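In what follows, a structure is listed as structure tokens, so that the remarks can point back to it.
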Amino acid sequence: MSGKALVGIIIAIGVVASIYNFNQQEKAKRQQAEADNAFRAKINAQLDEAERKAKTPALLNKMIVDIALAGRPSDGDAISVVNARYSDKTVRQRAIEQIQLGYQQTDPISPAAMSRLAVADCQIRAQDFEKNNKTYKITDVSDAWNVANLGLQFWLPYVQYPDFVKKTAKHHSTQ
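In structure tokens form, the structure reads like this:
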């Protein structure tokens, strides 16, 4: 076999390998898009069901938050699906509204959802602080700690003692 024939074979193998690699990448992208579409359809079906079952706006709000925060983050971004469908309020705003209006006593958001929301909220605050401050002073760190502590004080009772918070809220509403 001559050198030119060998070079031609090597080039042909390279072209075939490149085409195969490209096809595999396209197949993986297609499969990912199908998985994403299936996930969005699943979340939207759950939201449709919640809209049918919810007898009050508070219950619908609770169900929306629970659906958005029920799965693992690796399952897909349910929060984005919910926020896109209900653009009037974010999932975070819905949860805070649920707490502030006292609906946590009648239609409580699940502790797992509250925990995920608390973690996400604290992470967002920390990231905002980090982005806005390139050099840190002692007061910056102290201020950041105070902001984080306020966030924890807000979320902790709902995550750590959901039944106690529910009973306490019910007790205060009957007085």
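Read in order, the letters of the sequence shown correspond to residues 77 to 251 in this note's numbering. Backbone N, C-alpha and C define an ideal beta-carbon position, used for all residues, glycine too. As the structure is a computational prediction, the values presented were derived from the model and not from experiment.
Three-way DSSP call (helix, strand, coil) for residue i in this model
i	result
tyrosine 162	coil
leucine 136	helix
serine 156	helix
lysine 185	The displayed chain sequence assigns isoleucine, not lysine, to residue 185. Coil, per DSSP.
glutamine 229	helix
glutamine 180	coil
For residue i, the first and last residue of its enclosing alpha helix (DSSP H)
i	result
aspartate 112	79-129
glutamine 174	167-176
Assigned exposure category for residue i - 16 Cβ within 10 Å defines buried
i	result
tryptophan 231	buried
histidine 247	Since pLDDT at histidine 247 reaches only 48, below the 50 mark, its modelled position is unreliable, and the value read off the structure follows with that caveat. Per the 10 Å Cβ criterion, exposed.
isoleucine 86	exposed
asparagine 99	exposed
arginine 192	buried
arginine 128	exposed
threonine 250	Here the model assigns threonine 250 a pLDDT of 49, short of 50, so the residue's position is not dependable, and the following value carries that caveat. By the neighbour-count rule (16 or more Cβ atoms within 10 Å), threonine 250 is not buried but exposed.
valine 157	buried
aspartate 164	exposed
Q.
With a threshold of 8 angstroms, are at least 3 pairs of Cβ atoms found where one atom belongs to the segment 77-91 and the other to the segment 116-128?
A. In short, these stretches do not touch, since the Cβ pair count stays below three.
Q. Are at least three pairs of beta-carbons, each pair with one atom in the segment 215-225 and one in the segment 181-192, less than 8 angstroms apart?
A. no
Q. Counting pairs of Cβ atoms below 8 angstroms between the segment 110-118 and the segment 130-139, do you hit three or more?
A. no
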